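Notes follow once the structure below has been shown.
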Amino acid sequence: MRNLFETFHKHVIHPLWTWKDGEYSAAYVKEFERTQYLSAGEIRDLQFERLRKLIRESYEFCPFYKRRWDEHGFHPDRLKSLDDTHLIPMVSKHDVQRYADEMIRTDKTKDDLVRNMTGGSTGEPVVFYMDPERVTTRAASTIRHNRWAGVDVCTLKATVWGHPRDIRTLGEDLWDAFREKWIYRNVFLDTSSLDERKMMDFFETLNREKPGAFITYANSMYLFARFMEDRNLRFDYTPTSIISTAEILEDSRRAEIERIIGCPIYNRYGSRETSVIASECDRHDGMHVNAEALLLETVKDGKQVAPGELGEVVITDLLNYGMPLIRYRIRDVGTPVAGVCGCGRGLPRIKLSGGRVTDFLVTPSGKIVSGASMTIFLTANAPNVQRMQLYQARPEQVEFRIVKGDGYASETDDYIRREARKYLGDEVEAVLKFVDEIEQPASGKLLYCISEVSPFL
Ligand SMILES: [Zn+2]
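Under the numbering used here, the first residue of the sequence shown carries the number 223, and numbering increases by one thereafter.
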């Protein structure tokens, strides 16, 4: 019965519904499914063609880019290949906050475009605009990347999310609830505040609705899996996959979630500004970039880093002409992966081993350490630590902000200092500071580490 409905949904309900909204995503999905198997070289050619057109039009129509590029001596004619992208000045979140109006093309108004904004997890939200067409291509990219995880438009998805604002309002309106479940194929679970009762409700809802896929914040999913394990709860069915996004997932936690829920995790990297940026295929060896839509560079000291090296992620949206985002510093750090993936897709790959720009600590001698990974490791392994956050104001010192769990003892102090020395060496002093709670941004993304001296800042 379920399979029959899913087939009907995929071939009838979804196409009709999106057609009604003017989103003809099917054609784009088909195209993306074709181009993902082009060779790496062919994909770069496609990117260059799109980039060149975007750069020309932005110079002609967007006052911000014209002025900024003139100031930096960059002219579109200088762009001869993708290797020349470093000539184009980068754009910060602050630029977008300040100059958004001048980034919009002069032949468009805000009314012609679709407004969106970031959740503001790293400070002020960023408001941006896109072509209505871009809404459709973004949806198409998401459909393609979901399919890599065996998840289609018709698959019922449990969205385990830590941010109430992202959850479509589900009031008493029966039509809302119907539409959400039978058309969008979503069951939303809000994890912005979790307690015993809520988790039990989640479990019961999930076991009743039997969603094929989970789309989750990594750590919300981890908490939920732990809850199931502690109470010996198991689903009566086997889900297909978990798409884990928005946060770093430590390997041991990943394995634990997979064991408890009983299906593989597919890591996903996305942002509000650009939608899906990259995600894992079934080989789970790095994430394939959504490269037909986005040019992703990984830079350090202004240059693309070699595979295996850490660099700051810089993104150009190749398909949004209404308010172009060109070489946008999204404040994440990643590592390009060398070679061709076993799945045969030519899309380049990236690993996000560490997280955001401010997640990186730096020692006086210049060693770079992922503070986020360190926090996750210590929270999992140090005895009786409830939560932790690292703060670095200068290279010689790192503050460990700790919320003690029950039974916290001085052995834990020693353990943390010992591990800190392993990660950071002798030249960094570890200062332990005990706090009642660690303030978290409204977005629900956890801030593991705040470094004011990150090498990528
Ligand atoms: Zn692959």
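Here a beta-carbon is modelled for each residue, glycine too, at the ideal position from N, C-alpha and C.
Quantities reported herein were computed from a predicted structural model and do not represent experimental measurements.
Span separating the alpha-carbon of residue i from that of residue j
| i | j | result |
| --- | --- | --- |
| ILE389 | SER493 | Low per-residue confidence applies at ILE389: pLDDT is 47, beneath 50, and the placement is therefore not dependable, though the value from the model is reported in the following sentence. Cα-Cα distance, rounded: 16 Å. |
| VAL527 | ARG571 | 13 Å |
| VAL348 | ALA262 | 32 Å |
| GLY508 | ASP554 | 15 Å |
| ASP334 | ASP628 | 56 Å |
| MET422 | SER442 | 14 Å |
| ASN454 | ALA435 | 21 Å |
| GLU674 | GLU618 | 12 Å |
| GLN611 | THR240 | 43 Å |
| LYS275 | VAL653 | 52 Å |
| ILE598 | LYS655 | 17 Å |
| PRO433 | TYR459 | 9 Å |
| PRO354 | ASP539 | 14 Å |
Continuous beta strand (DSSP E) stretch holding residue i: start and end
| i | result |
| --- | --- |
| HIS510 | 509-511 |
| SER314 | Unbroken run through SER314: none, as it is neither H nor E. |
| SER673 | 671-673 |
| ASP539 | 533-539 |
| ALA515 | Counting along the chain, ALA515 falls outside any beta strand (DSSP E), and DSSP gives it neither H nor E. |
| GLU651 | 651-656 |
Residue j beta carbon less than 9 Å from that of residue i
| i | j | result |
| --- | --- | --- |
| ALA380 | THR438 | yes |
| TYR287 | MET325 | yes |
| THR585 | GLY533 | no |
| GLU271 | GLY568 | no |
| VAL536 | GLU514 | no |
| PHE424 | PHE400 | no |
| ARG623 | ILE660 | yes |
| GLN608 | LYS626 | yes |
| LEU517 | LEU309 | no |
| HIS294 | TYR281 | no |
| ARG448 | ILE482 | yes |
| ASN368 | GLU495 | no |
| VAL591 | TYR637 | no |
| GLY544 | LYS302 | no |
| HIS231 | TRP404 | yes |
| ASP658 | CYS565 | no |
| THR359 | ARG407 | no |
Min CB distance residue i to chain C below 9 Å
| i | result |
| --- | --- |
| ASP523 | In the structure shown, chain C cannot be found, because there is only a single protein chain. |
Span of the alpha helix (DSSP H) around residue i
| i | result |
| --- | --- |
| ARG182 | The chain is shown only over 223 to 679; residue 182 falls outside these bounds and no answer can be derived. |
| LEU238 | 236-242 |
| ALA642 | 632-646 |
| ARG369 | 354-370 |
| ARG494 | Looking at the DSSP string, ARG494 is not in any alpha helix (DSSP H), and its letter there is neither H nor E. |
Residue i CB to nearest heavy atom of ligand 2 below 8 Å
| i | result |
| --- | --- |
| ARG505 | Within the structure as shown, ligand 2 is missing, the only ligands being ligand 1. |
>> Does the contact criterion of 3 or more C-beta pairs under 8 Å hold for the stretch 371-383 versus the stretch 461-477?
In response: The answer is yes - the stretch 461-477 touches the stretch 371-383, with three or more Cβ pairs under 8 Å.
> Do the stretch 478-496 and the stretch 448-463 touch if we need at least three Cβ pairs shorter than 8 Å?
Replying inline: Result yes; three or more Cβ-Cβ pairs closer than 8 Å.
> Taking the runs of the alpha helix (DSSP H) that are 4 residues or longer, which of them lie wholly in the stretch 258-312?
Replying inline: Fully enclosed alpha helix (DSSP H) runs of 4 or longer: 262-283, 285-293.
> Which runs of the beta strand (DSSP E) fall wholly inside the stretch 546-621 and span at least 3 residues, in chain order?
Replying inline: Here the runs fully enclosed are 550-559, 571-578, 582-584, 590-592, 607-616.
> Quick one: any contact between the stretch 558-573 and the stretch 586-602, if contact means 3 or more CB pairs under 8 Å?
Replying inline: Contact between the stretch 558-573 and the stretch 586-602 is absent, because fewer than three Cβ pairs lie under 8 Å.
>> Runs of 3 residues minimum, wholly inside the stretch 392-473: which ones carry the beta strand (DSSP E) assignment?
In response: Taken in chain order, the complete beta strand (DSSP E) segments of 3 or more residues contained in the stretch 392-473 are 408-412, 435-439, 463-467.
> Is the stretch 313-332 close to the stretch 542-550, with three or more CB pairs under 8 Å?
Replying inline: Yes, they touch.
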